[in-house]
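K.L.:
First the structure, then my questions, so here it is.
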Amino acid sequence: MNKAIVILNKLISHKGLFKNIISDRDTKLTSDLWKNIQNLFGTKLSFTKPYHPQPDFLSERMIQALEDMIRRFCAYGLELEESNGFTHYFGTIIPAL
13 MNKAIVILNK LISHKGLFKN IISDRDTKLT SDLWKNIQNL FGTKLSFTKP YHPQPDFLSE
73 RMIQALEDMI RRFCAYGLEL EESNGFTHYF GTIIPAL
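Note that this note's numbering has the sequence shown beginning at 13, numbered continuously upward.
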C-alpha cells in the first residue's frame, strides 16, 4: 500500500486525478498495486475489447504517427551518418513529442 501512495503522489502532482482509465488489458494496470490505487481514489478501470482499439482511437493514432515520424527521422539520420548509424539531430524531434 505504501508503494501505491508514493506512485500516486508523483502521478497526481504531474497529471491530476483520473476518474476513468481505459486500458488494453495491460497486466500492469491489473496488478494488485493498481487495484490498491484504484480503491484509494475510486478510479474506474475500463478495458477495450481485444484487437479492437477503437475506444482508444486518438491515442492509438498518435502513437502510430509518432512511430512513423521517428522511423523516417532515424532513416534520414542513418543516410547522413552511415559510419556510426546514429543521428545527432534526434534531439530536434523531442519537442514534437
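For glycine and all other residues, C-beta sits at the position ideal for the given N, C-alpha and C.
(1) If alanine 16 and leucine 52 are in contact, beta carbons under 8 Å, what's the gap, nearest whole angstrom?
(2) How about lysine 56 and asparagine 32: are their beta carbons less than 8 Å apart?
(3) Taking serine 58 and isoleucine 19 to be in contact with their CB atoms under 8 Å, please state how far apart those CB atoms are, rounded to whole angstroms.
(4) Under 8 Å by Cβ, that's how I've got aspartate 38 and threonine 60 pegged, so tell me the actual separation to the nearest angstrom.
(5) Comparing alpha-carbon positions, which option in Ser43, Phe30 and Tyr63 lies nearest glycine 54?
P.N.:
Put simply:
(1) For alanine 16 against leucine 52, the beta-carbon gap comes to about 7 Å, under 8 Å, which counts as contact.
(2) It is a contact, given that the beta carbons lie within the stated cut-off.
(3) In fact, because the Cβ distance is near 20 Å, the residues do not count as touching under 8 Å.
(4) The beta-carbon distance between aspartate 38 and threonine 60, rounded to whole angstroms, is 10 Å. This is too long to meet the 8 Å contact definition.
(5) When only C-alpha atoms are compared, the closest one is Phe30.
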